[in-house]
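Visitor: One gets my numbering by counting positions in the sequence shown from 1 and adding 918 to each.
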Amino acid sequence: MIDLSGKTILVTGGTKGIGQAIALKAAAHGADVLIAYVSDREASDRTLSELRNTGRNAAAFQADLSSEEGVMALFEEIRNHASSIDALVNSAGVFATAPLEKVSSASFSRHFSVNVFGLTYAIREALPLFPKSGASIVNIGSSVSSFTPAGSVEYNASKGAVDAITRTLANELGPRGVRVNSINPGLTETPGMRQSEFSSESFKSEIKERTPLRRIGVPDDISGAACFLISEDSSWLTGETLIVGGGLH
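1) My guess is that Ile1168 and Val951 are in contact by the Cβ rule of under 8 Å, so how many angstroms apart are they, rounded?
2) What are the start and end residues of the alpha helix (DSSP H) that includes Ile1140?
3) Starting from Leu942, trace the beta strand (DSSP E) both ways and give me its first and last residue.
4) Is it a yes or a no for the stretch 993-1009 touching the stretch 1041-1057, going by three-plus beta-carbon pairs under 8 Å?
5) Terminal residues of the continuous alpha helix (DSSP H) containing Ala1075?
6) Helix or strand or just coil, what does DSSP make of Leu1173?
7) So the beta strand (DSSP E) Val1007 belongs to, where does it begin and stop?
8) Counting only the same chain and skipping the five closest in sequence on each side, list residues whose C-beta sits under 7 Å from that of Leu1087.
9) Report buried or exposed for Asn1089, applying the criterion of at least 16 other Cβ atoms within 10 angstroms of its Cβ.
10) Kindly list the residues whose CB is nearer than 7 Å to the CB of Val1021, restricted to its own chain and excluding five residues on each side of it in sequence; keep chain order.
11) Taking a contact to mean a Cβ-Cβ separation below 7 Å, would you say Leu1166 touches Arg1133 in this structure?
12) Would you mind sorting Asn998 into buried or exposed? The rule is 16 or more other CB atoms within 10 Å of its CB.
13) Around the C-beta of Leu1131, are 16 or more other C-beta atoms found within 10 angstroms, so that it is buried, or is it exposed?
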């Protein structure tokens, strides 16, 4: 069984969907958990209550991850709360669909400011908090970086960038004992997905038919993989992109 006892983990986007599932699973495996969220205080309070019910320490921080200043402010708060963190899970992200004719610089900037820049700044700011014995970074990407469905060029491009960032920083940070991996989920039932065009029954039926395991994912399908990548059981893994999508590539 995965053992995260003694570890402190920071999960961005930790109050809903995949991020919340990872936070709760990590606590169940013995970790103390810090979560960052944008604005939903109710969801934050509910998640904190669930985390503390596991008997683990937990804290939540409101943060704007769409700007460098917001990320830096988050980590200033974290440094005042914890002397170190053992893992960073970058699960915060934005997602929207639009045909090419409606793509704009504003929508591209929105996707990249959180999904790419915010993720990168979070890694940079986390580095001084990692122990010298090593740490793990798990980036939550998406299978759209290779599956590339139509009508979501901004999102697909931002998640393709996450793949490149993961491989690049695995090379750069490996000598410091920091492992960097990513998980690219397939279509997963999350609040974000349910608000998108990908939530249509026709699209979901098509994906199910093309998926060898014949179903849509749920957040707990992703959380176990994330905890494995955080744990010492994956100590010889870095620079990898794990596609968790029921066999659909």
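Heads up, the beta-carbon is just placed ideally off N, CA and C, and yes, glycines get one too.
Guide: This is what the structure holds:
1) Examination of residue 1168 is not possible in this model, given that the chain is present from 919 through 1167 alone.
2) Where Ile1140 is concerned, the enclosing alpha helix (DSSP H) starts and stops at Pro1137 to Ile1148.
3) Leu942 -> not in any beta strand (DSSP E); alpha helix (DSSP H) instead, spanning Gly935 to Ala946.
4) yes
5) Val1071 to Leu1091
6) Missing from the structure shown is residue 1173; the chain here goes from 919 to 1167 and no further.
7) Unbroken beta strand (DSSP E) run through Val1007: Ala1005 to Asn1008.
8) Ile1041 and Val1098
9) exposed
10) Val1071 and Glu1072
11) no
12) When all chains shown are included, Asn998 counts as exposed.
13) exposed
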